[in-house]
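Under the numbering used here, the final residue of the sequence shown carries the number 435; numbering is consecutive throughout.
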Amino acid sequence: NQKIHTIKMSRISRTNVSDEVANWLSASIKGGRFKPGDRLPSVAQLAKDLGVGQSSVREALRHQQALGIVEMRQGKGTFVNRPGPIQLGSHVTSFSGVVRERGMNPGARLLRCEVALPDDEVKSSLALDDGEQVNVLQRLRLADDEPLAIETSYTPYRLFPQLLDDRQSLEGSLYELLAARYDTVVAVARQTVGAGLIAKGQSRLLKVAVGQPALEMRTIAYRADGTAIEYGRSIYRADRYQYTVVLHRRT
């Protein structure tokens, strides 16, 4: 079911032709003209449509292959690769921000949205008093409509009343929402990452097989004054995420 594209566009007439072809290919893939899994037009067709020599097209394709953007398969053609794993690392950012950095569109599907009493783990992590309630927000996180993670966020209701009232606003970045509506910015976060396996219910949502590897993450986010404002439990598809940590030598 792979798509085969033909194109008509303005011809390239720059000095460094192969670079211009490579730039056009990158822009076309990022802009959605060619999607992951698509087969590109043949070298001859690209050369004809772009008004360049076939050698320039081949050089551009080799360059894109070296970057991991496309894959040239002998006798079959050139195909657009899926984006590499999304990098999680040692800086505070939202799912939406990370996805936008990759040139994709973030999205969310609400799975659970309620005010409730926390379990002991959440209560302790957020330093809540007895009887304090939390906003519970569980979402299936999407990138270009592909499900990548299941995120469950717990925030103190006393700090963020009516957070869950506007469901449409919950489809975007939670951190951006907290900043805009409550003037609250996440200054630092502590994350614990472990290995796990995709369970049956998660398999259906994430569209991967039961038992596939997953990254399990626990997050406590803090304001600059040290107040814990969010506790998160997340399951990430291990085939679409990598966790990168920068280590410094002690002095």
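The C-beta atom is built at its ideal place from N, Cα and C for all residues, glycine as well.
- Counting along the chain, residue 373 sits inside the beta strand (DSSP E) bounded by residues 372-381.
- Per DSSP, the unbroken beta strand (DSSP E) holding residue 421 starts and ends at 412-421.
- Here residue 296 carries a strand assignment [DSSP, helix/strand/coil].
- By the criterion of a C-beta distance shorter than 8 Å, residue 280 is surrounded in its chain by 290, 356, 357 and 360, once the five residues flanking it on both sides are discounted.
- Secondary-structure assignment with DSSP links residue 335 through a beta bridge to 323 and 418.
- A contact is defined here as three or more CB-CB pairs under 8 Å, and the stretch 295-310 meets this definition with respect to the stretch 410-417.
- With fewer than 16 other Cβ atoms inside 10 Å of its own Cβ, residue 220 counts as exposed.
- DSSP places residue 355 within a helical segment (H, G or I) once states are collapsed to three.
- Shown here for residue 374: same chain residues with a beta carbon closer than 6 Å to its own, the five before and five after excluded, namely 404 in chain order.
- Under the three-state reduction of DSSP output, residue 360 falls in the helix class.
- The stretch 309-318 makes contact with the stretch 336-351, as at least three CB pairs between them are under 8 Å.
- Residue range 397-406 is occupied by the beta strand (DSSP E) that includes residue 402, with no alpha helix (DSSP H) assigned at that position.
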